[in-house]
Structure formats: C-alpha cells, structure tokens
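Notes for the one structure printed next.
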DNA sequence: GAGTGGTCTAGACCACACG
DNA sequence: GTGTGGTCTAGACCACTCT
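This is the structure in structure tokens:
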C-alpha cells in the first residue's frame, strides 16, 4: 500500500525525468493538484516539499511551484561512487585492481571505522582510469564482518557501494569527507602519470549507514584536473 | 509578529545551544509540546522538522525525538565566512587587506557574476591570518551596483558577507564551490610562507542570493593544513 | 498494551506577487 | 483584485518500538 504523498511525488518526479515537465515549467496550483489526486492540500504540500528538498522543484511565494534546473539538482554533495559520478557526466570509467586482501585493522582506518586494532578488514586499492587515462588512486577499507568474502568478489560495474549493497545488504547513506592538497610521492606520481611533487587532491572519507555504523573508510588521490564540486547553503 | 513554528523552533534551539538540552536527550512528545506551546501538533511538527533538517534533532519512529550529536550538526556544507568558520572552532582570525579597488569586470569573475565585460566590480584581496600565522589568500569580486562604496567600507569583523548584509542588504544564501589542488607560485608562496611549488588548496566560489542573483565570486588559496570538510548524503 | 512519531482530512486565514 | 504558496486548527487513524 503506497502512501498518498509518495504516490504523488513519484508521479511528478517521473514526469520530470521523462521530460513531460521541463525546467521552469509551472506546476498546477496546490489546490488543483489536491483535487486531481483526490487528497487534501496538506498532503500535496507534503509531496511537493519532498521534491523541493530533493532539488526537483522550487517554490515562489505568491507565484507558483516550478520545475528546477537540473544543473542545480545535480550531483552536488551527493554520496556516489567515483564511477557513477563520472559516467553520469558521460565519461568512460574503468578500474584496475591494484590490491585486494584481508588485513588486520590499524591506524586511521581502524579508528575511523571504530574497530579494535587487529580486527579483520578488507583492503582494496584501485587505479581509476577515465577515458583511458589514469585519474585517481583509491584505497578502501571495509570491516570484514560487514562483507565477508568481499575480497574475492568482483565489483559490480566497478562500484564498491553497489557491490556492498547488492551482495551484502550494506547501504552507505552518508559520508563525511576531508579534502587536502598534497604533493605526489614517487609511487603516486608514477601511477597517475604526473611529476613527483606535483599537487594532488587527497580526500579521506568515512561512509556510514542509516544507523551511523561506519561501513567504509577511503582515501583517494586524484589528478588536478578532477576538481571537486560542493554546494553550500545559507 | 513571530510565526508560531519559528517561535517554537527558536525556543528549542536556544535550549540546545544553552546546554539545557543535551545530546541524546529526549524531547517531550509532540502532543505534550503542542499543549505546552498552545498550538496544534501539526505546528509542533513543522517546528521540529525544521530542526531535524538543520541537524539539531533526530526522530525515531515509535520512540521519540532526540537532540542530535553536535558533531553531526550541519556545520558542514554551510556557507560561512572564513572568519566565522574558524572562530567557531576557537581560532584567532585576523585580516590584512592587500587590495581594495573598483575595477572593470573581466574574465572568469565577470562570467561567473553574469556581468558585461567592463561593468564595475569591487575587487578585494585579503590575507587571512589564523592564530597569527598566514593561512589563506582570498580574492573577491562583488558587482559594484549591489554594493556601491564597498571598496571604502571597513569589513565588519573581517567578514565580507556580514558587511554585505548589514551595509547593503545583500544576503548570500548559497554558493557553489570548485576545489582544486594547485602548486604555489612565487607570490603565493611568499604570502603564505610556504615553498614555491608546494601544494595549496584552491577554491573558486560563486555565492548567490535567494533569487539566484550572483553576489560574489571568490578565489582563495589556503595552506595545506587548512583542510576542507564536506558532508555527502545518500 | 501503551506511547511514540507518521500520515491524512477539511477546512480557515494570511502574506506575497503580479497585472 | 486575483491567485498563489505559507501557516495553522482540531481532530483522526496508522505504524512502529518497547516492555
């Protein structure tokens, strides 16, 4: 049994995705939508509010409710895999697995994941190639008890998150990320085909599920042309 | 005349800020709050929802509404001035004005601000010092017609945003930001007391008001120990 | 079972934008 | 003035969690 407001927001979102509602189009008034869907205006407002929060719509008091520009809706501050993000931008992404092993937890990954020293962790190191050229080196640590056997699992579409979700029922729902500028050491320079000492963007990230349980810690270094984009409010 | 739900959310938020409501404390039930504030439960829910969205509270269906851990509170992805952000973290921030002038718009700032080439722009360059040491160089461009005289205005508490708001009624409500790693050139290296060629974090940011009008474009470079932190959802 | 938050109804009046 | 979204009332029943 579908909730009324979800039925409405799904319907409107699918119209936007299908292109029958275009950016800047004005939706019918809330009273009209209430009548159309056979609910009260409060229920329509609940549905519209969830779409506004998701960046699909915006409201102008006294004027109407409009379809948002997809550029504003975009990937900003969304937790997505490296591959997902770039493929959506139309780039070709491939992955070279550098390492895949079960190791004892230690140091920063252990601390960030909230594990005892020595607990088993699956460690993955990957080189990401975009349009055929090296783009980033990523190291990931996943508590082994959340995903036993991950070390032998091929990654679905190169995406760790997708694999965790489909194979182990582990869903990352948010992450906190630290961004630094660092100088490439010799190994990174070689992997990424840059000069040693040249600037790289380093991101350290801990992803958690909806219960705040840490499911992955990752560190990655990317070539300078792969900028990060964030959206700040208020 | 204050709105009822704002009066309620302000009251609860101030209790959290003052420490009379501590993290993990459970709030009274919504029905009890409705009675206490003399409003309906829907109005209480409106107030609580705004605090949940702001990261102050979280709800557990069937259990209650609780005060969130401040670490989870959305200090992340908030549009704040450099000074505000670091002062909140207990650091001493001061500013050395390097340049302040009216110049014709050109290049990237003109494009990002949506100005015609040659339109007047107020250009500010500042060196930010944290705990007495150089931390970042910031360049800002503000359309002069939004803030005529800004070039001669002392910045309130070193904050451009605060000054724009108080003196010119210009309120930045969100910004999109690009983050890159770059190598310090000679001038930046000297200003920030680092070796030429060493890695710096560069951020390019365009801030807009609630009507999507660009109010500031900024580029800044910061020493590597000033990391950026972001929060990613879903 | 008791208590909580989640959804929903059927109205009302207010604040705002625009012609 | 007209139409829009913003706020609010006074209820109701449902879904979830805990004991």
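Residue numbers (our numbering), protein chains in the order written: chain U, 1 to 234; chain P, 1001 to 1234.
A virtual CB, placed ideally from N, CA and C, is assigned to each residue, including glycine.
In this text, all values refer to a predicted model and were calculated from it rather than measured experimentally.
Uninterrupted beta strand (DSSP E) stretches at least 3 residues long and entirely within the region 96-139 of chain U occur at 120-130, given in chain order. Between residue 144 of chain U and residue 170 of chain U, the gap from beta carbon to beta carbon reaches 7 angstroms or more. Among the residues of chain U, those whose CB is under 8 angstroms from the CB of residue 1227 of chain P are 178, 179 and 180, following chain order. Fewer than three pairs of CB atoms, one per stretch, sit closer than 8 angstroms, so the region 57-68 of chain U makes no contact with the region 103-115 of chain U.
By the criterion of at least three beta-carbon pairs nearer than 8 angstroms, the region 1076-1095 of chain P is in contact with the region 1140-1159 of chain P. Taking a C-beta cut-off of 9 angstroms against chain P, none of the residues of the region 2-36 of chain U qualify. The bridge partners DSSP lists for residue 1219 of chain P are P/1139 and P/1204. Taking a C-beta distance under 7 angstroms as the contact criterion, residue 216 of chain U and residue 100 of chain U do not qualify as a contact pair. Residue-level contact check: residue 1183 of chain P touches chain U, since one or more beta carbons of chain U fall below 7 angstroms from its beta carbon. Neighbours of residue 1198 of chain P in chain U, taken as residues at a C-beta separation under 7 angstroms, are given in chain order as 183.
For residue 63 of chain U, there is no enclosing alpha helix (DSSP H), as DSSP marks it with neither H nor E.
Within its own chain, the residues whose Cβ lies closer than 6 angstroms to the Cβ of residue 197 of chain U, once the five positions on either side in sequence are excluded, are 183, listed in chain order. Chain U has no Cβ within less than 7 angstroms of the Cβ of residue 1046 of chain P.
The residue from U/57, U/138 and U/114 with its alpha-carbon nearest to that of residue 213 of chain U is U/114. In this structure, residue 1179 of chain P sits away from residue 16 of chain U, with a CB-CB distance that is not shorter than 7 angstroms.
Spatial neighbours of residue 52 of chain U in its own chain (CB-CB distance under 7 angstroms, excluding positions within 5 residues in sequence) are listed in chain order as 58 and 59. Residue range 1186-1192 is occupied by the alpha helix (DSSP H) that includes residue 1187 of chain P. Taking C-beta separations shorter than 7 angstroms and ignoring five residues to either side along the sequence, the partners of residue 128 of chain U in its chain run 82, 93, 95, 135, 136 and 138, following chain order.
Scanning its chain for C-beta atoms nearer than 7 angstroms, with the 5 sequence neighbours on each side dropped, one finds around residue 13 of chain U the residues 51 and 56, in chain order.
P/1148 is the residue among P/1132, P/1098, P/1148 and P/1218 whose C-alpha sits nearest the C-alpha of residue 1119 of chain P.
Within the region 213-225 of chain U, 224 place their CB atoms closer than 8 angstroms to a CB of chain P, listed in sequence order. Spatial neighbours of residue 1086 of chain P in its own chain (CB-CB distance under 7 angstroms, excluding positions within 5 residues in sequence) are listed in chain order as 1093 and 1130. As the crow flies, the alpha-carbon of residue 1006 of chain P is around 21 angstroms from that of residue 1174 of chain P.
When the beta-carbon positions are compared, residue 1162 of chain P and residue 1153 of chain P stay at least 7 angstroms from each other. Residue U/151 holds the alpha-carbon nearest to the alpha-carbon of residue 98 of chain U among U/77, U/151, U/25 and U/69.
Nearest C-alpha to residue 203 of chain U among U/19, U/34 and U/226: U/226. The beta-carbon separation of residue 1066 of chain P and residue 1041 of chain P, rounded to 18 angstroms, does not stay under the 8 angstroms limit for a contact. Boundaries for residue 1084 of chain P: no beta strand (DSSP E) harbours it, while the alpha helix (DSSP H) harbouring it runs 1082-1088, taken from the DSSP string. Interface annotation, residue 79 of chain U: in contact with chain P, CB-CB separation under 7 angstroms. The shortest C-alpha to C-alpha distance from residue 21 of chain U to any of U/38, U/70 and U/219 is the one to U/70. Per the C-alpha coordinates, the member of P/1232, P/1221 and P/1194 positioned closest to residue 210 of chain U is P/1232.
Sorting U/89, U/133, U/164 and U/19 by C-alpha distance to the C-alpha of residue 124 of chain U places U/164 at the top.
Beta-carbon to beta-carbon, residue 1201 of chain P and residue 181 of chain U are separated by about 4 angstroms, close enough to satisfy the 8 angstroms threshold. When Cβ-Cβ separations below 7 angstroms define contact, residue 89 of chain U makes no contact with chain P. Along the length of the region 143-183 of chain U, whole beta strand (DSSP E) runs at least 3 residues long occupy 174-183, reported in chain order.
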